[in-house]
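First up is the structure itself, then whatever we jot down about it.
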Amino acid sequence: MSLSGFGDTPKAEPPPALFPAPEADAPTPARRRGGPARNGPSSQGDEAGRQLVFFGAEAAEPAVADLAGLLAGPGEVVRMGGTARLSVQVDAAWRVHVLVAELAARGLAASWEPTEGERHAVRTSYTRVLKPLAVAWLHGSTKRPPATFHLTGRRLRLWLAAAGTPEPPDGFLLWLGADEQECWEPIGVALAAAGLAGKLLGPGEGGPAYRITGRRRLARLAELVGAPPRAAPPTAWPPTRP
């Protein structure tokens with residue numbers, strides 16, 4: 005069963021009704037770095053705000069490199085000859101819609117199929133476009149972040165769309181690959197560098213996942229990942245500050 009990233013499906017098999025398909029999000033133009041200065045005195049808070057906007061999900065056009073955010077979570081990449089394919093299992097239908105749209109925005113068609121436990125597998129086709137990502141992340145068949153790995157707003161947005169869940173009252177979980185212990189520590193370092201230092205929950209604590217807690221960090225997470233996709237339930241996304 006497939007759902008193309010470009011909305012193309014076989015004529016004999018219409019897209020499955022996971023729920024009413026949301027309208028496409030309107031693209032947000034990237035902010036210019038050299039815009040006019042704001043009125044009023046500058047402060048550290050203003051500087052932090054500008055930094056959040058610059059590195060946030062709306063600060064740049066979608067790029068294939070953003071898919072490293074899926075690999076920071078439970079996403080997988082495999083190589084075949086000079087091509088590679090990326091896949092990720094998700095636990096909710098809304099995530100399928102969001103990820104298919106995100107992949108389409110990067111020129112990648114995607115398919116999906118139901119799996120055990122009411123989950124869904126989303127995957128791309130094998131393509132040369134993904135080979136650099138696979139080369140950077142794969143050591144043999146083992147997934148490991150490259151030394152230069154860092155988290156941007158768009159990478160965090162994809163990670164959250166695939167494997168982020170709220171933990172009331174003031175926490176958020178970013179889930180990791182279950183059998184990818186070599187990834188966990190460097191990904192935690194990247195989170196801390198983005199101002200989102202979290203606590204690693206191991207399998208014995210209900211993980212693996214990083215728990216982000218505190219209003220300050222959740223506010224930063226919300227600013228970095230941007231507004232929730234239309235398909236996402238309101239409670240599934242980090243709340244923005246009033």
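Numbers given in the numbering used here equal positions in the sequence shown, counted from 1, plus 4. We treat Cβ as the ideally placed atom computed from N, Cα and C, and that holds for glycine. Since we're looking at a predicted model, the values are computed, not measured.
Cross-strand partners of residue i (DSSP beta bridge)
| i | result |
| --- | --- |
| residue 91 | 80, 127 |
| residue 175 | 171, 217 |
| residue 119 | 123 |
| residue 142 | 147 |
Residues near residue i by beta carbon distance below 7 Å, same chain, minus five either side
| i | result |
| --- | --- |
| residue 215 | 171, 175, 177, 202, 203, 205 |
| residue 125 | 91, 93, 116, 117, 119 |
| residue 132 | 86, 87 |
| residue 72 | 137, 153, 159 |
Endpoints, the alpha helix (DSSP H) within which residue i is located
| i | result |
| --- | --- |
| residue 205 | Careful: residue 205 lies outside any alpha helix (DSSP H), inside the beta strand (DSSP E) at 203-205. |
| residue 132 | Neither: residue 132 is in no alpha helix (DSSP H) and is coded neither H nor E. |
| residue 98 | 97-109 |
Which of helix, strand or coil DSSP assigns to residue i
| i | result |
| --- | --- |
| residue 114 | strand |
| residue 186 | helix |
| residue 238 | helix |
| residue 209 | helix |
| residue 157 | helix |
| residue 198 | coil |
| residue 65 | coil |
| residue 41 | Any answer about residue 41 is weak, because its pLDDT of 38 lies below 50 and its placement is not dependable; what the coordinates show is given next. In this structure, residue 41 counts as coil in the three-state DSSP scheme. |
| residue 231 | coil |
| residue 180 | coil |
| residue 86 | coil |
Own chain residues within Cβ distance below 8 Å of residue i, not counting five before or after
| i | result |
| --- | --- |
| residue 150 | 140, 141 |
Cut-off 6 Å between Cβ atoms - residues of its own chain near residue i, not counting five sequence neighbours on either side
| i | result |
| --- | --- |
| residue 185 | none |
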